[in-house]
Amino acid sequence: MKSVFTLSLLLPAFVFAAAPSSIRIEPKGRTLHGDGASQQLLVVGGYPDGSERDLTSEAQWKLSDPTLAAIEPGGKLSAKKDGAVTVTAIAAGHTATTTLHIEDASAVREFQFSRDIGNIFTRQGCNGSGCHGGVKGRGGFKLSPGVLNPKDDYEWIVKGGGYQVLTAEIKGARVPRIDIKDPAKSLILLKASGSIPHGGGRRFAVGSPDYNTILKWVTDGAPYGPEGTRENRIVALDVYPKIVTLDAEGRQRLLITARFADGRTEDFSGQALCVVNDKTVATVANGCIVTAGRLGETSVLVRAAGLAASTTVGVIGPPLAAYVDPPISNFIDKFVFDKLRRFRTPPSSLSSDQEFLRRICLDLTGTLPPPERAREFLASKDPAKRTKLIDTLMNSPEFIDYWTYRFDDLFRVGVFPNGINAKWSQMYADWVRESIATNKPYDQMARERIAAQGYDGPTRHYLPYDVIGPAGETMAEEVRVFFGRRLDCAQCHNHPYEAWSQDQFWGLAAFFSRVFKMGDQGNEYVVFDHPAGEAMGNADVNGSIKLFHPRTKVELKPALLDGTVVEGSARENPRKVLADWMVKNPYFAEAAVNRIWSYMFGRGIVDPVDDFRSTNPPSHPELLDRLAAEFRSHHHDLQFLIKTIASSRTYQLSGRPLPANSEDHTNYSHASPRALDAEVMLDAISSVTGVKEIFNTGVSGDEKDSGRAPAGTRAITLRQPDMYYSRFLDIYGRPNRLTLPERSGKANLNEALHMLAGAEYQEKLAAPGSRLRTLLTQAKSDDQVIEEFYLAAYSRLPGADESAAIRKLIASRENREEALRDFVWAVLCSREFSENH
Amino acid sequence: MNFNRHPGTGRRDFLKAGSLGFLGMHLSQFLRAASTSGVKGKAQSCILLWLEGGPSQVDTWDPKPSSAFKPISTNVSGIQISELLPKTSKRMDKMSIVRSMHTMGSDHPQGTHYAITGHEVNPAMHFPSIGSVIAKETGQRNGIPAHVLVPQWEKSRQYEEYFRSGFLGPDVDPMAIPDPSKAGFQVADLSLPKSVSAQAVASRQSFLKVVDRHYRAAYEGAEHANMDGFTAEAWKMLLNPAVQNAFDLSKESEKLKETYGKDAFGQSALLARRLVESGSRFVTAAGFHSNSWDTHAKNDEGHRDRLCPVLDRTLTALLDDLEQRGLLESTVVLAMGEFGRTPFVNPDLGRDHWPTSWSLALGGGGIRGGQVIGSTDETGAKLTSSATSMGDIFATIYKAFGIDWTKEYETPIGRPIKIANSLDDQTGTPIAELL
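Residue numbers (the working numbering), protein chains in the order written: chain A, 1 to 837; chain B, 838 to 1272.
Next up, the structure:
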């Protein structure tokens, strides 16, 4: 992560209040289970300015009953005997206590390969995706990333090379990595201890605890131990704290807790691998102690037991002399401003009326306000004018146009994606439009598409190029659109960076394996799910609707992400079960709110918006949770969500950065200017010049009236955009919708060339009926023309200095009309016009 | 890793790009120019003659009894090719034939993707084309676009995607331009409209400065799309006569135009030569969009009447022209389609797709001519030598350029991608006999 927080050196640094006002112990109320159980404790100091620091290293510890447990100076408590033990910590003159419960202290914990051996590989980095945990392993030795598949790992180590990526067959000679007869000669120990050459270097020394654990395991005959059960499966890793802020020299120990399916927790602080994303911002040492580097923000990834979690680390500058809390409009601001305060980054001021007007019109309607409306808004003294404007815009036809276009894009409405049939893509487009116009709850929209059957709009989505798409790809798209997660990697192999397995991929894909079409050849098709095992006149159908695991060749049954197999009857629509499960899954709402958020801010709380993964953490996790909760409790109401975001002060902050927040690009301390999307930009050019775009099918020059979009069609309202040729839209990155659109927003040379030489920037300037020509006909003065274009393009009045400078340039030219044309050209090429700010 | 919407365009980058902008250089190019002094190998450019649809190997480079056409001898003893390529047969010393191509993808999209990127289609990936890799590794020369595709697809535009830069980014996307054989051929956006005078350019720039001043002052510290560098480069291109000149086919003699052939393929190849002469690194001369090699019916007529004569004419015109200008030594010429065609004939007297064993031809740029690599059995259906993969061809061409063919790029999520990807995900090997 690149975002950097720097404080201007000009700001006087405030002396940091060195004494904490309180301390507390984390975690609270834990229960320790079993023999040898331990718990790392932290002492957290709270300071008058609201900040917190890790005081563990300077704390003194006391136990209420030393026969029950022991505690090391570093805060690691080990259980001895069942009972409740109260721990007291003293630091910086304050005292804090917590009580821990110890249960089954005498119960010997059963050996388990995945935990007792596998976790060593995770902690030592052996099974990372860059090493033996890579898709194909490394140096002929393959482990599953983070012990995702302990059985496979065990096989590799004890018997030698088994697991292959794409096939179940074992290739090559099998070389065991252990030596039962002479355990100390086990390859795995020789390599890891560097006793023989090892590409990965020395991971641990001969005689170190990890070495001894493995040696003892081999000596004991290398058992696997009991199979993991559903109850003793680890379902999540929690990291405390969720956001770490460090002063220049600060240190923070991370607490890592594994949560089991049965609700138990276990301290994993000593068993996880912690890796910092940006090592210049912070470093991490054994036991997950994070130490500050340069000012900035990064994340720490924590891996253990096949799972990953992360926490955000910010290294912050000295406190600001006076940090003024901005007023709060709604809950969004609370989360955003809380983080800014913690990061000592002041938010910019509220946007000016002109900034707000242009931004809200673009974000809610994709349309610039006409000059007369801009004038009216800017002149209004109504204190509620912003709220009223939001309501007005949300009730406008342009709102429906714009959000239909957004979802047309996301849902891939187009002729080629929808059966190469204009009628079908129109049906699908109509469904999207109707859903937006009626503000259909988003979960209903999702259900209608995921489970679509028969002959209606959303079913056309299942007929790309007039065929039923492969189940895996179809599923992966639904997951990416509605869960914001990318499973595609897992189609061929277990996801190298995530806990997505190939089994999960194909289990979900199997929900789509029976999707079938029936009807006249090349004419009308209904989409349905072919009844399992029934012939229906198609002899070869049952072969094609079966799906087999590509590696194990086992026939697949629909299974949810947690492995639950869905055994519906042969005639049930399996996608209906999937749809119901998906919209209730927490991923659904968080992906939806994140996406809408990104449309309003130019970046997601998780960014890219459809790449949720533990290694790509949200910038504001609590805000994301709350937005998702609000969205759910408001029946997945998109308009509610849009309005909530638009009404926040965070959204309405100025785009003008302050010296102290100019380097912030992720925490919303100011609005971030972003390039207008291709369609919005073309419409904006048409609206400023007053010359409508004419869209034709086929390449330019081929202007048959039959292939012309209805007069007045704007780029955002093109119903089958892939049928209309537009050099401008192609250059500015209009997606073809054949795959999920990715709008990079990255500039390129063709855009620059087109801006300087392209038709839209030349022909529209003074075409008949253009704004400029009309103004000239009305004999408007230079000032009037300038003002009109400023309002049309920038939604603001020109400054006196701007008018004067432009007037001067016009006067310096012989031909006034040519000069004005050049002025209009400059407006269209300016940053202020081509960006949303 | 950085997943910002405007990655790496913090204020510092913006300033650097801006300050180099007046030199007409991109920061990346500047760094490239600073770190390497030009291309290390003999090859400076590559022209891909894209035989869209897939030629029949037995009717071109690998004559067999199953072809209706006879083999003829060439000016290299021991090498025979189909009688449909008589002109080429007299210049066999300039080109080598690889008869052991074995590739993946048996329909046009898959085959094209594989032939151009060396990778099978993968839903999780956007692979760069060989042209984008070469453009990235060699950089721009003389302000001329490094990577060009001519003519662009007017229909089936998804094919163009495969020729693009994938995850490498728009810097090395091909510039796709219209069919140069059509009347009124003009490359859009490459020159200022005639209505815009030199005075107007100056005037527009002064207006732009004024209208942008407030905004730039207010947002100076904010994140910007990296547009300024591109704008500076665009101005430079538009005002650089060499650029327009490079694309200006009217400068070529009528006679030479005739020699190349006045159809889409011929004129694209001629333009390709003009471009590499001016500085382009990789030019794809397509031109078979509406005269496809995809002869599922009437294969023999197709090859005899409308395809091989066009290839034979244009390939030899290009070789002669390059040689005459002293460019053959520095220009790789690669002629291939996305796969071969079945050695047997179907009921429509056509030949279908055949990626199993097919042929391509390459030469120039330090790649030895007059060689035959690999062989097939009597029917042409099976390889009788070891298979040559797309990765081996790529590695050969990279080596000719002096590019490290074992290089891997990392995708934005850190997945390593070989630039010369062979079968079974191995790194391709340069063909020793050709270098």
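Ideal Cβ positions, reconstructed from N, Cα and C, are used throughout, including at glycine.
Note that the structure is a prediction, hence the values are computed from the model and not measured.
Within chain A, the C-beta atoms nearer than 7 angstroms to that of ARG1041/B come from ASP822, TRP825 and ALA826, in chain order. Boundaries for PHE695/A: no alpha helix (DSSP H) harbours it, and the DSSP string shows neither H nor E there.
ILE400/A and ASP408/A have their alpha carbons spaced roughly 12 angstroms apart.
Proximity of chain B to HIS132/A at the Cβ level (cut-off 9 angstroms) is not reached, the minimal Cβ distance being about 15 angstroms. At a cut-off of 9 angstroms between C-beta atoms, ARG1050/B counts as an interface residue with respect to chain A.
In the structure shown, the three-state DSSP call for LYS1094/B is helix.
With respect to chain B, the C-beta atom of LEU775/A has no partner C-beta closer than 9 angstroms. Within chain A, GLU473, ALA476, ASP488 and GLN491 have C-beta atoms less than 7 angstroms from the C-beta of PRO960/B, given in sequence order. Inclusion of LEU357/A and MET1074/B in the CB contact set at 9 angstroms is not warranted, their separation being larger than that value. For HIS549/A, the nearest beta carbon of chain B is not closer than 9 angstroms to its own beta carbon. Taken atom to atom, the span from the alpha-carbon of ARG1178/B to that of ILE117/A is near 54 angstroms. In the three-state DSSP reduction, HIS94/A falls in the strand class (E or B). Looking at the DSSP output, PRO1253/B bridges to GLU1247/B.
Around GLU58/A, the same chain offers ALA91 as residues with beta carbons nearer than 7 angstroms, after the five sequence neighbours per side are excluded. Cβ atoms of VAL300/A and LEU254/A come within 8 angstroms of each other, at about 7 angstroms.
With contacts defined by Cβ atoms closer than 9 angstroms, ASN750/A and ASP1016/B do not form a contacting pair. Across the set ASP1241/B, MET1227/B, THR1233/B and GLN1208/B, the C-alpha of GLN1208/B shows the shortest separation from the C-alpha of VAL913/B.
Put simply, the CB of TYR1056/B is near chain A, with a gap under 9 angstroms to one of its CB atoms.
The Cβ atoms of ALA471/A and ALA446/A do not sit closer than 9 angstroms to each other.
By the Cβ neighbour-count rule, PHE548/A is exposed, with fewer than 16 other Cβ atoms within 10 Å of its own. Counting only Cβ-Cβ distances below 8 angstroms, GLU1070/B has contacts in chain A at LEU749 and ALA752, in chain order. In this structure, VAL175/A places its C-beta atom within 9 angstroms of the C-beta atom of GLY161/A. The C-beta distance from ALA1198/B to LYS879/B rounds to 18 angstroms, too long to fall under 8 angstroms, and the pair is not in contact.
Identification of residues in the segment 445–475 of chain A having a C-beta nearer than 7 angstroms to some C-beta of chain B yields GLU473, given in sequence order.
Between HIS198/A and chain B, the shortest Cβ-Cβ separation is not below 9 angstroms.
Less than 9 angstroms divides the Cβ of TRP898/B from the Cβ of ILE934/B. Between GLN720/A and the set PRO327/A, THR95/A and ASN418/A, the nearest pair of CA atoms involves ASN418/A. For the pair PRO558/A and PRO1249/B, the Cα-to-Cα distance works out to about 32 angstroms. Secondary structure at MET929/B: coil, using DSSP grouped into helix, strand and coil.
By the Cβ rule, the segment 1106–1125 of chain B counts as touching the segment 875–895 of chain B, because three or more pairs are nearer than 8 angstroms. Close to GLN995/B, with beta-carbon spacing below 9 angstroms, are these residues of chain A in chain order: PHE416, ASN736 and LEU738. The alpha-carbon separation between HIS132/A and PRO1267/B amounts to approximately 29 angstroms. Under the criterion of beta carbons closer than 8 angstroms, GLN491/A and PRO960/B qualify as touching, at roughly 7 angstroms. For the pair of segments examined, the segment 639–655 of chain A was found to touch the segment 339–353 of chain A: the number of CB pairs separated by less than 8 angstroms reaches three. Under DSSP, the beta-bridge partners assigned to TRP1195/B are MET938/B. The three-state secondary structure of ARG994/B, taken from DSSP, is coil.
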